[in-house]
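*Asks:* This structure is in structure tokens; I'll ask about it shortly.
In our numbering, the protein residues as written are 96 to 187.
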């Protein structure tokens with residue numbers, strides 16, 4: 096996590112977050128609970144559909160926003176979402 100990065104936490108249970116990250120920016124997700132289930136991405140370069148992410152896995156690191164709005168959905172668990180800021184890139 097770098098200075099200026101945006102952080103969001105998707106709480107336990109079914110939830111969805113719409114990202115405000117601009118096209119081309121990097122988004123990473125990390126499981127804060129033992130596992131996060133039902134992860135589904137839209138608008139990201141490496142899509143997931145109903146995926147289970149274990150705590151400590153790097154599977155959710157360094158994805159790229161390719162369409163807006165990008166969304167991240169989960170069905171259970173706690174997920175940390177990091178929107179990495181890129182110099183010279185602003186949200187649309």
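Just so you know, even glycine gets a beta-carbon here, dropped at the ideal spot from N, CA and C.
A quick note: this is a predicted structure, and the numbers were derived from the prediction, not measured.
When burial is assigned at 16 or more other CB atoms within 10 Å of the CB, is residue 155 buried or exposed?
*Replies:* Indexing the chain shown from 1 puts residue 155 at position 60. It is buried - the Cβ of residue 155 has at least 16 other Cβ atoms within 10 Å.
*Asks:* My understanding is that residue 176 touches residue 112, with C-beta atoms under 8 Å, so please give their C-beta distance in whole angstroms.
*Replies:* Position 81 of the chain shown holds residue 176. Position 17 of the chain shown holds residue 112. Correct: roughly 6 Å between the Cβ atoms.
*Asks:* Helix, strand or coil: how does DSSP classify residue 187 here?
*Replies:* As a working mapping, residue 187 is identified with position 92 in the chain shown. Low per-residue confidence applies at residue 187: pLDDT is 48, beneath 50, and the placement is therefore not dependable, though the value from the model is reported in the following sentence. Three-state result, residue 187: coil.
*Asks:* Under the DSSP definition of a beta bridge, which residues are partnered with residue 149?
*Replies:* Residue mapping note: residue 149 aligns to position 54 of the chain shown, counting from 1. Partner(s): 130.
*Asks:* Go through its chain and collect everything with a Cβ distance to residue 159's Cβ below 7 Å, but skip five positions before and after it.
*Replies:* As a working note, residue 159 is residue 64 in the chain shown. The answer, listed in chain order, is 119, 121, 139, 140.
*Asks:* Are the CB atoms of residue 128 and residue 173 nearer to each other than 7 Å?
*Replies:* As a first step, residue 128 is located in the chain shown; it is residue number 33 there, counting from the start. As a first step, residue 173 is located in the chain shown; it is residue number 78 there, counting from the start. A contact, by the Cβ cut-off of 7 Å.
*Asks:* Could you check where the beta strand (DSSP E) with residue 111 kicks off and where it finishes?
*Replies:* Position 16 of the chain shown, counting from 1, holds the residue named residue 111. Per DSSP, residue 111 belongs to the beta strand (DSSP E) from 110-114.
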